[in-house]
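*Asks:* In terms of our numbering, the sequence shown has 59 at position 59, counting the first letter as 1, and numbering is strictly consecutive.
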Amino acid sequence: MAKEPRSDNDQLSFGTAEDIDERAFFAEQPTKPAALQMRQPSDEHYHGHRERLRNRFRDHGDAALADYELLELLLFRLIPRRDTKPIAKALLDRFGSLAAVFGAPTALLQEVKGIGEAVALDIKLISTVAHRTLKSELRGKQVLSSWSSVIQYCHAAMAHETREQFRILFLDKRNALIADEVQGLGTIDHTPVYPREVVKRALELSATALILVHNHPSGDPTPSRADIDMTKMIIDTAKPLGITVHDHIIIGKDGHASLKGLRLI
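Here you go:
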């Protein structure tokens with residue numbers, strides 16, 4: 001009895017596993033209605049959650065949300081097709097606080113599951129905008145009468161750096177901010193500082209006063225003997241040229257120390 005010719009479906013069903021995989025991969029997929037393509041079952045469990053969070057923020061402000069929920073709201077925009085609650089909680093677990101998340105280096109952010117390079121860079125962009133906003137509050141104002149703003153800005157800019165950073169606020173004769181510059185980057189516990197270079201830059205900017213700032217990545221802002229000695233060297237180098245050092249602030253993760261406030265200078 002003659003065999004009937006096999007159909008395409010018969011050929012596919014009797015092919016090898018490798019053939020099946022390849023043919024299934026390249027086969028034209030049936031077209032689904034647009035509504036079904038856009039709405040996947042996995043989206044449903046957090047779609048309503050996102051709307052509820054947005055509504056709470058709109059109606060009651062940030063006080064109605066926990067830190068992880070604020071972070072979720074941000075991640076909604078950066079990661080639109082995933083449940084971002086686990087990612088937000090993982091970021092806070094890894095870094096300890098909302099401020100530490102935004103202060104973390106991009107490489108460390110990417111160690112958290114769900115955070116790629118693009119999202120890490122977006123988080124750092126938001127952090128930079130916040131720093132610039134705080135800095136703009138200082139520009140043109142008498143810094144000594146806005147001391148809390150100075151501390152807030154320095155803490156936001158430096159508290160979560162993983163390496164020591166030596167920063168100088170250059171002031172004019174009215175004690176208004178001329179420039180804010182990072183003069184040196186060091187290791188986890190040391191930054192080389194050269195008093196002559198500090199004074200030279202102050203003269204270039206026509207600054208008449210300085211506020212020195214550096215961070216302690218260990219978190220403890222207690223000044224070391226080296227911090228005190230270096231500050232006195234800068235004061236002694238600057239004073240004959242009519243440049244005053246108002247203070248040296250040391251920034252830690254949870255606070256700060258003022259050498260002037262401690263009567264160490």
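Heads up, the beta-carbon is just placed ideally off N, CA and C, and yes, glycines get one too.
#1: Considering only residues of the same chain and omitting the five flanking positions on each side of residue 257, which have a CB-CB separation below 8 Å?
#2: Starting from residue 196, trace the alpha helix (DSSP H) in both directions and tell me its first and last residue.
#3: Please confirm whether any heavy atom of the ligand ADP lies closer than 6 Å to the CB of residue 197.
#4: Can you tell me the Cα-Cα spacing of residue 279 and residue 89, whole angstroms?
#5: For residue 111, which of helix, strand or coil comes out of DSSP?
#6: Give me, in chain order, the residues of the same chain whose beta-carbon lies closer than 8 Å to that of residue 260; leave out the 5 immediate sequence neighbours on both sides.
#7: Where does residue 79 sit, in a helix, a strand or coil, going by DSSP?
#8: Name the DSSP bridge partner or partners of residue 184?
#9: Looking only at DSSP bridge pairs, what is residue 211 linked to?
#10: Based on the DSSP secondary-structure assignment, which residues constitute the bridge partners of residue 257?
#11: Shortest alpha-carbon distance to residue 113 belongs to which of 136, 103, 95, 86?
#12: In three-state DSSP terms, what is residue 90?
#13: Do you know how far the Cα of residue 166 is from the Cα of residue 142?
#14: Tell me which residues share the same chain as residue 122 and place their Cβ nearer than 7 Å to its Cβ, disregarding the 5 neighbours each side in the sequence.
#15: What do you reckon, are the CB atoms on residue 230 and residue 182 nearer than 7 Å?
#16: Between residue 210 and residue 243, how many whole angstroms is the CB-CB distance? I'm expecting something under 8 Å.
#17: Taking the continuous alpha helix (DSSP H) assigned at residue 65, which residues delimit it?
#18: Measuring CA to CA, which of 130, 234, 69, 153 is closest to residue 215?
#19: Report the rounded CA-to-CA distance for residue 118 versus residue 94, giving the unit in angstroms.
#20: I need the straight-line Cα distance from residue 240 to residue 136, nearest angstrom please.
#21: Give me the Cβ distance between residue 120 and residue 160, rounded to the nearest whole Å; I'm assuming they're in contact under 8 Å.
#22: Relative to the C-alpha of residue 97, which residue among 173, 124, 253 is closest?
#23: By alpha-carbon positions, which one of 59, 150, 126 ends up nearest to residue 71?
#24: Once the 5 residues before and after residue 262 are set aside, which same chain residues still bring their CB inside 8 Å of it?
#25: Let me know if residue 238 comes out buried or exposed under the rule of 16 or more other beta-carbons within 10 Å of its beta-carbon.
#26: Around the Cβ of residue 21, are there at least 16 other Cβ atoms within 10 angstroms (buried) or fewer (exposed)?
#27: Which residue marks the beginning of the alpha helix (DSSP H) containing residue 134, and which one marks its end?
*Replies:* The relevant details are as follows:
#1: 221, 222, 223, 249, 250
#2: 195 to 204
#3: Only the bare structure without any ligand can be found here, which leaves the ligand ADP out of the picture.
#4: The question about residue 279 has no answer here: the residues shown for the chain are numbered 1 through 265.
#5: coil
#6: 246, 247, 248
#7: coil
#8: 166
#9: 169, 247
#10: 250
#11: 86
#12: helix
#13: 22 Å
#14: 78
#15: no
#16: 6 Å
#17: Unbroken run through residue 65: none, as it is neither H nor E.
#18: 153
#19: 19 Å
#20: 31 Å
#21: That pair is no contact at about 14 Å.
#22: 253
#23: 126
#24: 223
#25: buried
#26: Low confidence applies here, because residue 21 scores a pLDDT of 40, under 50, leaving its location unreliable; read the following figure in that light. Residue 21 is exposed by the Cβ-count criterion.
#27: 117 to 138
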